[in-house]
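Asks: Let me give you the structure first, and then I'll get to my questions.
Protein chains in written order, with this note's numbering: chain A, 1 to 153; chain B, 154 to 323.
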C-alpha cells in the first residue's frame, strides 16, 4: 500500500494483515555529493515502488524520510528512530529502511529496524528497457530479504 | 466576359450570403461535433496490447509474460509494466491470469513456494490458487484470480486486453 487516500482507507480496514512498513531514506545537500544524492532520489523510489507492487497487501510504503546530509548525526538518527517508534506503536512489526546513503550503514547497529542498503546506480544514461531490468534484478534480491524476515517471526 | 451584368444589389446579396454562411457554419460545426461526440469515441474496452510473446513459446505450464504500455496521469506519462501468467489448457486455448492476489493485491507467482507444486502462491499471507486461478479454501483469498482477455495476432503474437472476472475456475 502507498501513503495515499485510497490505500490508507483500505489500510484502516485491513489493519491486521499489514504488519510491514517501508521507509526510503533520502539525503539532500548542495555540496560535492549533490549529484550522487540526486541519483539516489531517482533510484531508491523506483526500487521501493516495485517492492510495494509485489507486496501490496502486507506492506505500507511511507513517504521518504529526507534530511540534509549536513544535519548532525544525532539529529538524523533520533528523528528516524522517532519514525520507527511511532510505526512500531502502530503495530508494524517489521520496519524496513531502504537507502543508498552510506551514513546509515555505519549507524546500522543503532537503528531499531531492518536496514537495506543498496549501492546507488546512476541511471541517467540508461534506456528504459535496461533500467527496468536492472531495477527488477535489484528488487528480486529485496524480495528474498523481506520474505526471509517474515518467515523468521 | 459575359453580357450579363451583375447589379450592385446582386453583388451585395451574394457576398453577404457567402460571408454569413461561413459565419453560421463556424458556429454550428462545433455544436454539431459536440452533439455527436459520444457516437464517435473509440471504445476504450477494445484495446489489446501486444506482449511480444509468440504462442509457440507457450505450454501447459504457466509462464510469466510481461507487457508494458504508456499510461498518462494528468501531465505525467509513464510506462507501466504488467504481468500475466499464461498457459494453454487441454483444448489449446490460451489462458492468461492476472497475478494480483484477490485478498489485498500482492503479486502471486506460479509455484512460489516449494511445498505447493502446481499452485499459485501469494507470499504476503500464504494465499493459494489452483492452476485455473481458483482460490484454495482455507487460505485468505475469497475469489479466484482475474483473467485477461486474450487474442492472437495474425503472426502468432499473444495480445492481452482488459482484466475480466475468472470464467474457468469451478
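Built from N, CA and C at the ideal position, the CB exists for glycine as well.
None of the values given here were measured: they were computed from a predicted structure.
(1) In angstroms with no decimal places, state the Cα-to-Cα distance between residue 161/B and residue 169/B.
(2) Can you have a look at residue 167/B and say buried or exposed, based on whether 16 or more other CB atoms are within 10 angstroms of its CB?
(3) Could you tell me which chain A residues have their CB closer than 9 Å to the CB of residue 243/B, listed as they occur along the chain?
(4) Measuring only between beta-carbons, confirm whether residue 147/A sits less than 9 Å from chain B.
(5) Please state whether the Cβ-Cβ distance between residue 76/A and residue 55/A is less than 9 Å.
(6) For a test of the three-state rule: what should DSSP assign to residue 189/B, helix, strand or coil?
(7) Is residue 216/B close to chain A? Criterion is C-beta to C-beta, closer than 9 Å.
(8) Along chain A, in chain order, which residues have C-beta atoms closer than 9 Å to that of residue 276/B?
(9) Compile a chain-ordered list of the residues in the stretch 229–257 of chain B whose CB is closer than 7 Å to at least one CB of chain A.
(10) Just to confirm, are residue 273/B and residue 298/B a CB contact at a threshold of 9 Å?
(11) Return helix, strand or coil for residue 232/B, following the three-state DSSP convention.
(12) Identify the contact partners of residue 17/A in chain B, using a Cβ-Cβ distance below 7 Å as the criterion.
(13) Let me check understanding here. Comparing Cα to Cα, which of 72/A, 81/A and 50/A lies closest to residue 65/A?
(14) Relative to the C-alpha of residue 321/B, which residue among 238/B, 163/B, 248/B and 187/B is closest?
(15) Once the 5 residues before and after residue 212/B are set aside, which same chain residues still bring their CB inside 8 Å of it?
(16) Nearest chain A C-beta to residue 260/B closer than 9 Å, yes or no?
Replies: To lay it out plainly:
(1) The alpha-carbon of residue 161/B is positioned some 12 Å away from that of residue 169/B.
(2) Looking at its Cβ environment, which holds fewer than 16 other Cβ atoms inside 10 Å, residue 167/B is exposed.
(3) Going along chain A, no residue has its Cβ under 9 Å from residue 243/B, so there is no contact; the nearest lies around 31 Å.
(4) So yes, residue 147/A belongs to the interface.
(5) Taking 9 Å as the Cβ cut-off, residue 76/A and residue 55/A do not qualify as a contacting pair.
(6) Three-state result, residue 189/B: helix.
(7) Residue 216/B does not count as touching chain A.
(8) 54, 55, 58, 143, 146, 147 and 150, listed in chain order.
(9) Answer in chain order: 232, 234, 254, 256 and 257.
(10) Here residue 273/B is near residue 298/B, since their CB atoms are less than 9 Å apart.
(11) Strand.
(12) Residues of chain B whose Cβ lies closer than 7 Å to the Cβ of residue 17/A are, in chain order, 257 and 278.
(13) Answer by Cα proximity: 81/A.
(14) Of the candidates 238/B, 163/B, 248/B and 187/B, 248/B places its Cα closest to the Cα of residue 321/B.
(15) Hits under 8 Å: 240 and 241.
(16) A Cβ of chain A is located within less than 9 Å of the beta carbon of residue 260/B.
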